[in-house]
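Following: one structure in structure tokens, then a few remarks.
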Amino acid sequence: MKHRGRHRRRRRGAALRAVLAGTALALTAAATLISASQAQISEDPGALKALTSAADAGRLRLQEHPVPARTLDRLSASMGTPVGVDAVLRSADRTLREAGDCSSADRASLPVAPAATRAYCWDPADTGATAWRPASVTTSGDADDDGVWGTHRVVLAGWTHDTRTGRAAERGLARVAFVDADDPARPAYRWALLVVPVQGGRDYRGLTSGISGMVWYGNKLLVTTTAGSADALYVYDLDRIQRTTADGPAVGRVPGGWSADGYRYVLPAVGSYRFTAGSCSASGPPCPGALALDRGTAPDSMVAAEWTAPGSDRPARLWRYAFSTDPARAGLLATDAAGRTDAVEAYRTRASGIRGVLSYREPGADRTSWYVGRLPGGQDGHGGLWRQDTEGARAAHCGADASRRCWAQGAGSLSHWQGNGEVWSLSDRMLFALPLAALDRSVG
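Residue numbers -26 to -1, 1 to 418, in mature numbering (1 follows the signal peptide of the UniProt record, and there is no 0), belong to the letters of the sequence shown in order.
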């Protein structure tokens, strides 16, 4: 399998960088000036404050809970041999459209500054009047350091169904778009539903969770769970994708086969991480709202941001877990002998409504920069993008009034493709990419 050996494909990377070096898209959003009458995102979040007490560390500790191998084996014995990412991409049945072919409303959801260099809108069947909403993104640039998985460049986008509308059985479900990004002019994708094995692998249920953050590392996909849950993260194995055999609205085993609300593929969870201090809350463990991979640390690490309501006065936490370097635990977090994971770094920020997070240290820099994408106080309109460190914070500005509301509308998570320097993210209507260098320039 691809993840058992990493290889460099320098000519492929050079070609991609050439694409990114082209002129930025002439997008409607880039020409939009944010009016001075619009409310500003809450005040400057200021410098990050390190959290070093034992109590703070205890609230961030996780316990690993693997799904028993016999459970997964029983499920695959009944459903058939698992498949990998390539099989899903070969059956892609949807196409993303380039920004020029998208509606003005779609383009208006993109960042004003910095402007996207590439942007795509989804197949109309997946937008419009549906109750599904995009929230998280990760790429094969996270999964492997050469940026390619198997033979493909891949983007994964996580969507969650609204819990308040639509069919009751569908509410709160989570799905992932597997995007074949080999051809930047015509990316194609296929959906897979996230599920959780039950009854010892004799059945599965849908994962009913808001996957506002996810990280693809090695052959594992780690996703956030719903606020208030004892589980902080669910873990999926991208070599254990299962095909369904029945096309219907049910999720799970049905007479004559397996169904997943009409989806052809499901990802059964292979484990979870649970806070040892209990369910997330304002006074307890933080509810993780955004995730990202940082390949600039040794070992590689995953960063997380706490979800707090936009405009809230309650400080949020930013923290980091190290990934395991044990080949037998590829893609899993580093744990002690008891299966516990402790944060290796943690901070408090006055930023609220955080929907995206990245950490990055420039070569030769003495501090790590943390980038946070934020929703506005009313959860509507363009959000803000800030860069913070232990010395202070700076925001992207745009428009004649130097507004701080320059980031995407309904912004989702952030993913840094370190091999080529680009950052992927989502608005509430589009998938887009831009260079990390553009983020830096936008904040001064």
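Idealized CB from N, CA, C, for every residue including glycine.
Remark: C-beta atoms of V169 and S183 do not approach each other more closely than 9 angstroms.
In this structure, the straight-line span from the alpha carbon of Q383 to that of G357 is close to 6 angstroms. When the five nearest sequence neighbours on each side are left out, the beta carbons in the same chain lying within less than 8 angstroms of the beta carbon of A243 are those of V41, L168, V169, V170, P171, L181, Y208, V209 and Y210, in order along the chain.
G347 has G330 and L359 as its beta-bridge partners, per DSSP. If you draw a straight line from the Cα of S286 to the Cα of R335, it comes to about 28 angstroms. Here E144 is buried, its C-beta having at least 16 other C-beta atoms within 10 Å.
Residues of the same chain with a CB within less than 7 angstroms of the CB of R269, apart from the 5 flanking positions on each side, are D119 and Q392 in chain order. Cα atoms of A131 and F249: separation of roughly 25 angstroms, rounded to the nearest angstrom.
Between D18 and the set A367, S253, R329 and V228, the nearest pair of CA atoms involves A367. In this model, A304 and D316 are separated by some 18 angstroms (Cα to Cα). Less than 9 angstroms divides the Cβ of L70 from the Cβ of R160. Taken through DSSP and simplified to helix, strand or coil, Q173 comes out as helix.
For the set E396, R322, T342 and Q362, the Cα lying nearest the Cα of D30 is the one of R322. Counting only runs of 3+ residues, the beta strand (DSSP E) found wholly inside the stretch 247 to 299 occupies 262 to 268, 275 to 280 and 290 to 296, in chain order.
Here D221 is exposed. Its C-beta has fewer than 16 other C-beta atoms within 10 Å.
Note on geometry: alpha-carbon atoms of D235 and S387 lie some 26 angstroms from one another.
Between the alpha carbons of V59 and G373 lies a gap of roughly 42 angstroms. For D154, there is no enclosing alpha helix (DSSP H); the residue is part of the beta strand (DSSP E) that begins and ends at A148 to D154. When DSSP states are grouped into helix, strand and coil, S52 belongs to the helix group. Short of 6 angstroms from the beta carbon of L332, and not among the five residues preceding or following it, lie these beta carbons of its own chain, in chain order: A266, Y345, L388 and H390. According to the DSSP assignment, R303 belongs to no beta strand (DSSP E), since it is labelled neither H nor E. Here DSSP, grouped into helix, strand and coil, assigns V86 to coil.
Closest in C-alpha terms to A320, from the list Y247, G74 and L34, comes L34.
Taking 9 angstroms as the cut-off, the beta carbon of A148 is found no closer than this to the beta carbon of V128. Counting C-beta pairs closer than 8 angstroms gives three or more between the stretch 84 to 98 and the stretch 402 to 412, which meets the contact rule. The three-state reading of DSSP puts V129 in strand, counting E and B together.
For the set L400, D414, A339 and S377, the Cα lying nearest the Cα of D80 is the one of L400.
For Q383, DSSP records a beta bridge to H356. Going by DSSP, R92 is part of the beta strand (DSSP E) stretching over R92 to C95. In this structure, DSSP gives G231 an extended state, which the three-state scheme calls strand. For D205, the enclosing beta strand (DSSP E) begins and ends at D205 to D211.
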